[in-house]
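**Q**
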Amino acid sequence: VTLRKQDEDWMDVRGKAWYRPYYATIEKIINNINAKISFHAGGELKIFGIEGCTKFSKSTKYEWFALLQDLDAAANNGSLSLRPTSARIKLKELDELVGEWVSR
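Take the sequence shown: its letters are residues 16 to 119, numbered as in the numbering used here.
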C-alpha cells in the first residue's frame, strides 16, 4: 500500500489567528439553531462550503476539511449539539442548490 505523501504546500489552518473565532462562530450558530423548538419538527441542518481555487489559496484548500473534522470531534465530545450534513460546492451552483434545499 502506498500512502499519499502530505502536500508540500500543506497549511495548518487551525494555527491561523482567524480559524478559532471562525470555528467558534459556526459551532455557536449550529447549537443555537438546534436549540430552537421549531427546528426539531423534522429539521435538518446542512452547511455548504464554497469550493475555492486550490492552486492559489492554501487556506481554502484545507479549511473545509479541518472544519468538518472539528465539527465531528465536537459532536462526539458533546460540545456540538447536532452534527450537520455538509456539501462543498462551486459558487455558481450556490443559488440553485440552496434553493433546492430550502424548498424541501
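Note that CB positions come from ideal geometry on N, CA and C, so glycine has one too.
Should Met26 and Ser74 be called a contact, given that it needs their Cβ atoms to be closer than 9 Å?
**A** Yes, they are a contact pair.
**Q** In the DSSP assignment, the beta strand (DSSP E) including Gly64 goes from what residue to what residue?
**A** That run of the beta strand (DSSP E) goes Lys61 to Ile65.
**Q** Please identify the residue among Lys43, Arg119, Glu59 and Leu109 whose C-alpha is closest to the C-alpha of Gly67.
**A** Closest by alpha carbon: Leu109.
**Q** With a 10 Å radius around its C-beta and 16 neighbouring C-beta atoms as the bar for buried, classify Glu111 as buried or exposed.
**A** That one is exposed.
**Q** For the stretch 45-119, which segments carrying the alpha helix (DSSP H) assignment without a break, of at least 4 residues, lie completely within its bounds, in sequence order?
**A** You should have 73-92 and 109-117.
**Q** Val16 by DSSP, collapsed to three states: which one?
**A** Low confidence applies here, because Val16 scores a pLDDT of 49, under 50, leaving its location unreliable and the question unanswered by this model.
**Q** I'd like to check one pair, Arg103 with Gly64: are the Cβ atoms closer than 9 Å?
**A** Against a cut-off of 9 Å, the Cβ pair of Arg103 and Gly64 comes out as a contact.
**Q** By DSSP, does Ala39 sit in helix, in strand, or in coil?
**A** Of the three classes helix, strand and coil, the one that applies to Ala39 here is helix, per DSSP.
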